[in-house]
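Following the working numbering, the numbering of the sequence shown begins with 514 at its first residue and continues without gaps.
Below is one structure, written out as structure tokens; the observations come after it.
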Amino acid sequence: ADQCPNTPSGATVDANGCAMEDPPADSDNDGVADEVDVCPNTPAGVTVDAVGCEVSDPSVDRDGDGVIDSNDDCPNTAIGAQVDSTGCEITANGENKGISITNYSLFIILIIVIVGLGFTTLLRRDKFKE
């Protein structure tokens with residue numbers, strides 16, 4: 514006798530008629546398992562993306578970093594990463610990975626420009642002496 518009469522059609526069953534693997538939970542029935550569903554309360558009948566969010570919803574946070582996509586400068590931040598207000602990952606030293614020019618780099622560039630200008634001025638001064 515079938516001990517699991519509500520097993521979904523097409524599921525692989527054991528000798529008792531029970532599904533051999535439980536399908537992952539999908540509370541909002543959008544086709545995306547709850548464990549990866551960033552939008553767990555999607556309304557019925559809405560088209561969703563790979564993370565269970567409405568395709569046309571600008572208020573969604575698809576990478577789950579706490580910054581909605583419309584304000585997120587880094588929309589593919591790794592799950593669990595600590596981010597700043599722009600949605601970009603903060604490194605262990607507190608710097609934002611999204612910024613490539615650091616204060617140190619700007620300082621070095623400034624020194625190079627100053628030295629270059631000084632050298633050019635000296636060359637021009639020597640040229641006028643001749």
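The beta carbon of each residue, even a glycine, is placed where N, CA and C say it ideally should be.
Model, not experiment: these values are computed from the prediction.
Closest residue to residue i among the options (Cα-Cα distance)
| i | options | result |
| --- | --- | --- |
| Ser569 | Thr555, Asp578, Gly577 | Thr555 |
| Cys552 | Leu635, Asp582, Ala524 | Asp582 |
| Glu567 | Ile621, Asp543, Leu630 | Asp543 |
Any chain D beta carbon closer than 9 Å to residue i
| i | result |
| --- | --- |
| Cys601 | Here chain D cannot be found, since the structure has a single protein chain. |
Cβ shell of residue i (< 8 Å), same chain only, five flanking positions each side left out
| i | result |
| --- | --- |
| Asp586 | Thr599, Gly600, Cys601, Gly611 |
| Ala532 | Cys517, Thr520, Pro521, Ala524, Thr525, Val526 |
| Pro571 | Ile581, Asp582, Ser583 |
| Val573 | Val551, Cys552, Cys566, Glu567, Ile581, Asp582 |
Cα-Cα separation between residue i and residue j, rounded to whole angstroms
| i | j | result |
| --- | --- | --- |
| Ile624 | Ala591 | 37 Å |
| Arg575 | Val526 | 35 Å |
| Thr520 | Asn584 | 43 Å |
| Val628 | Tyr617 | 17 Å |
| Ala514 | Asn529 | 7 Å |
| Gly565 | Val549 | 8 Å |
| Val626 | Thr634 | 12 Å |
| Pro621 | Asp562 | First, the residue type needs correcting, since residue 621 is Ile and not Pro in the sequence shown. Answer to the nearest angstrom: the Cα atoms are 45 Å apart. |
Own chain partners of residue i with C-beta closer than 7 Å, once the 5 adjacent residues on each side are dropped
| i | result |
| --- | --- |
| Ala546 | Pro537, Ala538, Asp539 |
Sequence-distant residues of the same chain with beta carbon closer than 6 Å to residue i, five excluded per side
| i | result |
| --- | --- |
| Val559 | Glu567 |
| Asp578 | Thr590, Val596, Gly600 |
| Ala594 | Glu602 |
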